[in-house]
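As structure tokens, the structure follows; a few thoughts come after it.
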Amino acid sequence: MLFPISDDDREVTTVAYVTNAILLINVLVFLVQMSDPAITYGYSVVPQEITSGVDLVEPQMLQVEGHGAVTIPQAPGPRIIWLTLLTSMFMHGGFGHIAGNMLYLWIFGNNVEHRFGHVWFLVFYLVAGLAGSLAQIASNPGSIIPNLGASGAIAGVMGAYLVLFPRNRVNAVFFYVIVTIPAVWVLGMWIAMQFVNSVGSIAATSESAGGVAYLAHVGGFVAGVLAALLCRMMIRREPDSELRRQYQHDPRARQIW
Numbered sequence: 001m002l003f004p005i006s007d008d009d010r011e012v013t014t015v016a017y018v019t020n021a022i023l024l025i026n027v028l029v030f031l032v033q034m035s036d037p038a039i040t041y042g043y044s045v046v047p048q049e050i051t052s053g054v055d056l057v058e059p060q061m062l063q064v065e066g067h068g069a070v071t072i073p074q075a076p077g078p079r080i081i082w083l084t085l086l087t088s089m090f091m092h093g094g095f096g097h098i099a100g101n102m103l104y105l106w107i108f109g110n111n112v113e114h115r116f117g118h119v120w121f122l123v124f125y126l127v128a129g130l131a132g133s134l135a136q137i138a139s140n141p142g143s144i145i146p147n148l149g150a151s152g153a154i155a156g157v158m159g160a161y162l163v164l165f166p167r168n169r170v171n172a173v174f175f176y177v178i179v180t181i182p183a184v185w186v187l188g189m190w191i192a193m194q195f196v197n198s199v200g201s202i203a204a205t206s207e208s209a210g211g212v213a214y215l216a217h218v219g220g221f222v223a224g225v226l227a228a229l230l231c232r233m234m235i236r237r238e239p240d241s242e243l244r245r246q247y248q249h250d251p252r253a254r255q256i257w
């Protein structure tokens, strides 16, 4: 099991304002969710709500193989139901869910924000999250199961990081040992797992009542890769910063640009 814990930008002193703000918003929204569970069901993305434009406000029954009829809670959402595509990006299903997503954002987000700039990074983050949600909806447009989480947007950040900083060193826990390996290996293994798992999820039908939204990960990752490639074409030179100066004196932290 490979579990990343940090990358090689510890000497960077620039502040990733957008990354930090997104982290804070996610934590605050999660606290609100804990105080009122109805918010979770009302403001999550439900594919059937998006494709039909109708807000589901009453619990729905779903036949699940091996379990019979299962009740799927629902609650009133925003008046414009498509806004759940945005609100769901800042919501999570539990402590493990938010902890994992925020850890990856903390490790990889500041580098990508540095390269894109604050405003464009925010636009990129939201577009990647939207791409992830739309990919998941496209896989099962009639689903009544709520989807939530920043996974699609985080996958976009990781896709961009992989393109922009493939040779950065990432510190990770491998079983009980801390190892340092190139980012291309860490993120490459992660997305390979998402693609493999998404093949199985495509075959799922309404008989499935839950699970990880792997197609949201894939959709966000692809959006991140495309945005990073566009950035590489438009910005040919690394802007002057502490990060660039670190590259100059640390031969292990080289990026392909």
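No gaps in the numbering here: position 221 of the sequence shown is 221 in the UniProt record's numbering, and each next residue is one more.
All C-beta atoms in this analysis are idealised placements derived from N, C-alpha and C, irrespective of residue type, glycine included.
Bear in mind that the values here come from a model prediction, so they are computed numbers and not experimental data.
I want to know whether the segment 159-172 touches the segment 105-119 - three or more CB-CB distances under 8 Å.
yes
What's the gap between the Cα of N44 and the Cα of V70?
Taking the sequence shown and counting its residues from 1, one reaches residue 44 at position 44. Taking the sequence shown and counting its residues from 1, one reaches residue 70 at position 70. Per the sequence presented here, residue 44 reads as Ser, with Asn not at that position. Cα-Cα distance, rounded: 19 Å.
Since A75 and V57 are thought to touch, with beta carbons under 8 Å apart, how far apart are those beta carbons, to the nearest angstrom?
For the purposes of this step, residue 75 is identified with residue 75 of the sequence shown, where counting begins at 1. For the purposes of this step, residue 57 is identified with residue 57 of the sequence shown, where counting begins at 1. Between V57 and A75 the Cβ distance is about 7 Å, and since that is below 8 Å, they are a contact.
Roughly how many angstroms lie between the CA atoms of L28 and G53, to the nearest whole one?
Position 28 of the sequence shown, counted from the start, is the residue given in the question as residue 28. Position 53 of the sequence shown, counted from the start, is the residue given in the question as residue 53. Taking the straight line from one Cα to the other gives about 28 Å.
Using the three-state DSSP reduction, which class does P37 fall into: helix, strand or coil?
Translated into positions along the sequence shown, residue 37 becomes position 37. In the structure shown, P37 sits in a helix (DSSP, three-state: H, G or I).
Can you tell me whether R169 is helix, strand or coil according to DSSP?
As a first step, residue 169 is located in the sequence shown; it is residue number 169 there, counting from the start. Reduced to three states, the DSSP call for R169 is strand.
Cβ of G159 versus every heavy atom of the ligand ADP: is any distance shorter than 8 Å?
Ligands in the displayed structure: none, and consequently the ligand ADP is not present.
Sheet register partners of I178 (DSSP bridge):
By 1-based counting over the sequence shown, the position of residue 178 is 178. Per DSSP, V173.
Could you tell me the distance, in whole angstroms, from the CA atom of M234 to the CA atom of L134?
Along the sequence shown, one-based indexing puts residue 234 at 234. Along the sequence shown, one-based indexing puts residue 134 at 134. Computed Cα separation, rounded: 27 Å.
Under 9 Å, do V173 and P182 count as touching if we go by C-beta distance?
Position 173 of the sequence shown, counted from the start, is the residue given in the question as residue 173. Position 182 of the sequence shown, counted from the start, is the residue given in the question as residue 182. For V173 and P182, no; Cβs fall outside 9 Å.
Please classify D36 as buried or exposed, where buried requires at least 16 other C-beta atoms within 10 Å of its C-beta.
By one-based count along the sequence shown, residue 36 stands at place 36. Looking at its Cβ environment, which holds fewer than 16 other Cβ atoms inside 10 Å, D36 is exposed.
Taking the alpha-carbon positions, what's the residue 259 to V15 distance?
Look at the range of the chain in this structure, 1 to 257, and you will see that residue 259 is not part of it.
Where does T14 sit, in a helix, a strand or coil, going by DSSP?
Position 14 of the sequence shown, counting from 1, holds the residue named residue 14. T14 falls in the coil class under three-state DSSP.
Could you tell me whether the Cβ atoms of G132 and G156 are closer together than 9 Å?
Working through the sequence shown from its first residue, we reach residue 132 at position 132. Working through the sequence shown from its first residue, we reach residue 156 at position 156. Cβ atoms of G132 and G156: closer than 9 Å.
Please list the terminal residues of the continuous beta strand (DSSP E) segment that includes M61.
In the sequence shown, counting from the first residue as 1, residue 61 sits at position 61. Per DSSP, M61 belongs to the beta strand (DSSP E) from Q60 to V64.
When you compare only the Cα positions, how much space is there between F95 and L230?
Looking up residue 95 in the sequence shown gives position 95. Looking up residue 230 in the sequence shown gives position 230. Straight-line Cα distance between these residues: approximately 35 Å.
Own chain, CB closer than 7 Å to I25, minus 5 neighbours either side, in chain order:
Taking the first residue of the sequence shown as 1, we reach residue 25 at position 25. Around I25: F90.
Could you give the DSSP three-state label for S6: helix, strand or coil?
Stepping through the sequence shown from its first residue, residue 6 is reached at position 6. S6 falls in the strand class under three-state DSSP.
Just to confirm, are L2 and M102 a CB contact at a threshold of 9 Å?
Position 2 of the sequence shown, counted from the start, is the residue given in the question as residue 2. Position 102 of the sequence shown, counted from the start, is the residue given in the question as residue 102. For L2 and M102, no; Cβs fall outside 9 Å.
Under a three-way DSSP split, which group does N140 fall into?
Here residue 140 refers to the residue found at position 140 when the sequence shown is read from its first residue. It is coil, neither helix nor strand.
Secondary structure of W257, DSSP reduced to three states
For the purposes of this step, residue 257 is taken as residue 257 along the sequence shown, with counting starting at 1. Residue confidence is low: W257 scores 35 on pLDDT, short of 50, so the model does not pin down where it sits. No coordinate-derived value is stated.
Please state the DSSP three-state secondary structure of G68.
Numbered from 1 along the sequence shown, position 68 holds the residue referred to as residue 68. It is a strand residue.
Using the Cβ count rule (16 or more neighbours within 10 Å means buried), how would you classify A153?
Within the sequence shown, numbered from 1, the residue matching residue 153 stands at position 153. Buried, because 16 or more other Cβ atoms sit within 10 Å of the Cβ of A153.
Residue environment, Y125, which counts as buried when at least 16 other CB atoms sit within 10 Å:
As a first step, residue 125 must be located in the sequence shown, where it is residue number 125. Burial call: buried.
DSSP three-state label for V57, please.
The residue labelled residue 57 in the question sits at position 57 within the sequence shown. V57 falls in the coil class under three-state DSSP.
6 Å CB neighbourhood of G159 in its chain, flanking five on each side removed
Working through the sequence shown from its first residue, we reach residue 159 at position 159. Around G159: F221, G224 and V225.
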